[in-house]
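Engineer: Below is a structure I'd like to ask you about.
Protein chains in written order, with our numbering: chain H, 36 to 463; chain P, 36 to 463.
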């Protein structure tokens, strides 16, 4: 069996984390583990930047030139990177540094985002290039099996024209729901009306069992993407908010995803900011999402519909916000302030509906944050919109799928190679 | 100069973190770094457990027996560990495993806790044994210089009778205030009425410049201690609350301290849970600490004084809590619930005044937590009192001081040896 249970159920957040950092505290390190760690870390640099000089790699990784050369050589023999001297790089004295890029052979993942109204898919290559996209409408109330069928069909379609030696190293799926880190199951997805679904297994079966499928919560993948390729690139402490009817949080602390004990961290929408306030669908009162979610925004705009696209359009036309909308802005500021006081992040990123809300009520949000943050002037926290716009979650799903490869390229490439061989044998 | 600026200003939270985990994502690892990492990790096991078999070390560190034997041998030559066969360990077949313990030579730190009314000090040996304690009263309004003088005198007193070859590897100081991770200065300590104080430098000068002094926020050290030696031992995600007039939070996520971008994380007392509620000294309304801090507890108890010791005594006599006190309990539950929804921790530890409050209103706290936590039944979060009681912060200060040694024993022992030699030369 090619796909061991481990990669299938690995949850989000391990992307680009060096092997050593994944070990629980107290573990030692041996030479073979160090080599694999170094290979994965180097490949991670190539993936993030898509073109990096060996001199830069030497500097960033703190290893000497001959070690870097050996590591690059090993990845080159695997076919996943190539090196060359870029034109125009010869002006300085001395030998120009070779550059390392993704290799000729296509190495890719399928990224999937389950939305309430559609499934978004992309084929993403090593280095982050998007080679193809699909968007498939979903019926309201579709079952997990129906959606898994749709995902598998669209993925097959995306892979239809790739060369036969393409290494498909995984599929990543982002969705609006709680995913257990213990077994990789979707625990609960209120907007899809799913509970306790082994969705990754459903999809994996339909892909012939050859491709590891990993799944993660949308906000957790949003923060991963913004950290890897968006406005939070290189930052250590990041809060990403995905607003919709509910509000979810994706968190990075010390450069790594914060998922919690069983994977349920980040439920910032149910942070109570107004004890005795509006009733929340969770059964409590005064949860943050009752004050800033789609229902509150629709009420403030006088809109009968909570449809997100419609609300975004309405918010874009707001010139002078009404007192009711300003109050929503103030409540957005109160919750952001709480999170700044708790996490002291470099950035709070406002995704989903909040991306449209913030520009309309920015003065009220910013005033509340400035007033409510302890020692606001000493902090470095910025409030920003996502660098990847609507694509944060989809890109994060791709990063999630590439995660195993950046931990241990040898293992992942070997598995993907075997899959290619089996498909070839089967085709004969 | 023995004491480089680096160890002086290192802030809390690095204790027992393997070297590899301290590197920013993207670094490689070379053989020398791996050896130092492994030496530090092994010493960390000996420090935590004070007696551990080589067989256990082999298992825990995932290294082979000969590597473990070599590492232990190197630490033994440094004089910091010793190995022997424990009596009674010979009943089984085969060779009994040697046990590793702290060596004969004393290796110690001075732990200091600055409280509002006193300074607590302890000399703590490798392995965690407390070899001596002092408690020094502090005048209200004492200046940083006055307190530094008192700390230095009490530390000298604690070191008066140690053998001359004792290796003093550092001093750790815990205090109720915000400590910048950027420069190690006390940014603001409202209860001491200090702001922008380079306290570690003041103390270090008075100790002859030979001993690295590191300083940390009390809640951050409380969580460190409970994680190392208290109720959160071995857990990955921990919330520690230190309640007093204010409420501070110490956070561990994925086994490591969460300090934030500039070290200001954990200000959970200013999480607003009741917009428009009671006025807080921070200038806002409805901050959590206005609902559960000493002032709120005193009001609920009808006590004219906010003195913590008096409130603790009053709380201990509560048999049936009044409606007002039950409401304080409910607000304690609301804030705990927010933190559980945000962090999904294994444990929330209630320190300081909250240790006395919780038993008095436990039913109300627990009901609120059970009701307000999303998917409460799937979680593993426990609400507990500190395992180290009043000593959490002091023990955490000791762990902080030992931190550098568990990262790189060779470097720290060499520096401490040089200090011993210089003192000898000076004494001749």
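Note that the Cβ used here is the ideal one computed from N, Cα and C, for glycine as well.
Could you tell me the distance, in whole angstroms, from the CA atom of residue 138/H to the CA atom of residue 343/H?
Structural biologist: If you take the alpha carbons of residue 138/H and residue 343/H, they lie about 41 Å apart.
Engineer: Taking C-beta pairs closer than 7 Å, name the residues in chain H that residue 272/P reaches, listed in chain order.
Structural biologist: Chain H residues near residue 272/P: 295 and 296.
Engineer: Pick out whichever of 326/P, 153/P and 134/P has its Cα sitting closest to the Cα of residue 472/P.
Structural biologist: With chain P covering only 36 through 463, there is no way to say anything about residue 472/P.
Engineer: Please list the segments of the alpha helix (DSSP H) lying wholly inside the stretch 234 to 319 of chain H, counting only runs of 4 or more residues, in order along the chain.
Structural biologist: Runs of the alpha helix (DSSP H) inside the stretch 234 to 319 of chain H: 234 to 241 and 253 to 264.
Engineer: If contact means a Cβ-Cβ distance below 7 Å, which residues of the stretch 373 to 392 of chain H contact chain P?
Structural biologist: Listed in sequence order: 373, 376, 377, 378, 379, 380 and 381.
Engineer: Taking residue 426/H as the reference, give the member of 222/H, 265/H, 303/H and 90/H with the closest Cα.
Structural biologist: Among 222/H, 265/H, 303/H and 90/H, the Cα nearest to that of residue 426/H belongs to 265/H.
Engineer: As an exercise, report each continuous alpha helix (DSSP H) stretch of at least 4 residues that is fully enclosed by the stretch 57 to 92 of chain H, in chain order.
Structural biologist: Runs of the alpha helix (DSSP H) inside the stretch 57 to 92 of chain H: 66 to 84.
Engineer: Taking residue 188/P as part of the alpha helix (DSSP H), name the residues at either end of that continuous run.
Structural biologist: Run containing residue 188/P: 179 to 193, per the alpha helix (DSSP H) assignment.
Engineer: Near residue 448/H, which residues of its chain fall below 6 Å by C-beta distance, leaving aside the five closest residues on each side in sequence?
Structural biologist: Correct list, in chain order: 113.
Engineer: Decide if the stretch 406 to 413 of chain P is in contact with the stretch 357 to 376 of chain P; the criterion is three or more beta carbon pairs, one per stretch, under 8 Å apart.
Structural biologist: In short, these stretches touch, since the Cβ pair count reaches three.
Engineer: The beta strand (DSSP E) spanning residue 134/P covers which residue range?
Structural biologist: Segment 134 to 137, the beta strand (DSSP E) holding residue 134/P.
Engineer: Please work out which residues of its chain come closer than 7 Å, Cβ to Cβ, to residue 329/H, disregarding the five sequence neighbours upstream and downstream, and give them in chain order.
Structural biologist: Correct list, in chain order: 279, 280, 341, 343, 346 and 388.
Engineer: Could you pull out every residue in the same chain whose Cβ sits closer than 7 Å to the Cβ of residue 390/H, ignoring the five residues on either side in sequence?
Structural biologist: Closer than 7 Å at the Cβ level, and outside the excluded window around residue 390/H, lie 420 and 421.
Engineer: Once DSSP output is grouped into helix, strand and coil, what is the label at residue 231/H?
Structural biologist: Reduced to three states, the DSSP call for residue 231/H is strand.
Engineer: To the nearest angstrom, how far is the alpha carbon of residue 446/P from that of residue 144/P?
Structural biologist: So the two alpha carbons sit approximately 16 Å from each other.
Engineer: Counting pairs of Cβ atoms below 8 Å between the stretch 409 to 418 of chain H and the stretch 241 to 255 of chain H, do you hit three or more?
Structural biologist: At 8 Å Cβ cutoff, the stretches do not touch.
Engineer: Should residue 356/P be labelled buried (16 or more other beta-carbon atoms within 10 Å of its own) or exposed?
Structural biologist: The residue is buried, with at least 16 neighbouring Cβ atoms inside 10 Å.
Engineer: Specify the secondary structure class of residue 208/P as computed by DSSP and reduced to three states.
Structural biologist: Residue 208/P: strand per DSSP, three-state reduction.
Engineer: Spell out a yes or no on whether the stretch 375 to 386 of chain H and the stretch 228 to 242 of chain H are touching, meaning 3 or more CB-CB pairs, one atom from each, closer than 8 Å.
Structural biologist: Contact between the stretch 375 to 386 of chain H and the stretch 228 to 242 of chain H is absent, because fewer than three Cβ pairs lie under 8 Å.
Engineer: Consider the Cβ of residue 252/H: report whether some Cβ of chain P lies at a distance smaller than 9 Å.
Structural biologist: No, its Cβ sits nowhere closer than 9 Å to a Cβ of chain P.
Engineer: Cβ closer than 8 Å: which chain P residues qualify as neighbours of residue 73/H?
Structural biologist: Near residue 73/H (Cβ distances below 8 Å), the residues of chain P are 63 and 64.
Engineer: Suppose only complete runs of 4+ residues qualify. What are the alpha helix (DSSP H) ranges in the stretch 363 to 416 of chain H, listed by chain order?
Structural biologist: Here the runs fully enclosed are 388 to 407.
Engineer: If we define contact as Cβ-Cβ less than 9 Å, is residue 413/H a contact residue for chain P?
Structural biologist: It does: the Cβ of residue 413/H has a partner Cβ on chain P nearer than 9 Å.
Engineer: Return the residue from the list 158/H, 152/H, 294/H and 320/H that minimises the CA-CA distance to residue 213/H.
Structural biologist: If we check each option's Cα against that of residue 213/H, 294/H comes out closest.
Engineer: Considering only their Cβ atoms, is the gap separating residue 377/H from residue 300/P smaller than 9 Å?
Structural biologist: Yes, the pair counts as a contact, with Cβ atoms nearer than the cut-off.
Engineer: Leaving out five residues before and five after residue 320/H in sequence, what residues of the same chain have Cβ atoms less than 8 Å from its Cβ?
Structural biologist: The answer, listed in chain order, is 307, 309, 310, 311, 312, 313 and 314.
Engineer: Mark residue 394/H as exposed unless 16 or more other C-beta atoms lie within 10 angstroms of its C-beta, in which case mark it buried.
Structural biologist: Exposed.
Engineer: Would a check of beta-carbon distances place residue 26/P closer than 9 Å to chain H?
Structural biologist: With chain P running from 36 to 463 in the structure shown, residue 26/P is simply not present.
Engineer: Mind pulling the chain P residues with CB within less than 8 Å of residue 166/H?
Structural biologist: Chain P residues near residue 166/H: none, gap ~26 Å exceeds 8 Å.
Engineer: With 9 Å as the C-beta to C-beta threshold (strictly closer), list the residues of the stretch 161 to 194 of chain H near chain P in chain order.
Structural biologist: Cβ contacts with chain P: none found.
Engineer: Measure from the C-beta of residue 450/P to each C-beta in chain H and report whether the shortest distance is under 9 Å.
Structural biologist: By this cut-off, residue 450/P is not an interface position.
Engineer: Using the Cβ count rule (16 or more neighbours within 10 Å means buried), how would you classify residue 180/P?
Structural biologist: Label assigned to residue 180/P: exposed.
Engineer: Between the C-alpha atoms of residue 444/P and residue 75/P, what's the straight-line distance to the nearest angstrom?
Structural biologist: Those two C-alpha atoms are separated by around 6 Å.
Engineer: Counting only Cβ-Cβ distances shorter than 9 Å, please list the residues of the stretch 276 to 294 of chain H near chain P, keeping chain order.
Structural biologist: Those residues of the stretch 276 to 294 of chain H that come within reach of chain P (Cβ to Cβ, closer than 9 Å) are 284, 286, 288, 289, 290, 291, 292, 293 and 294.
Engineer: Straight-line CA distance for residue 106/P to residue 438/P?
Structural biologist: C-alpha separation (whole angstroms): 19 Å.
Engineer: Count the other CB atoms, across all protein chains shown, that sit within 10 Å of the CB of residue 222/P; report buried if there are 16 or more and exposed otherwise.
Structural biologist: Buried: at least 16 other Cβ atoms inside 10 Å.
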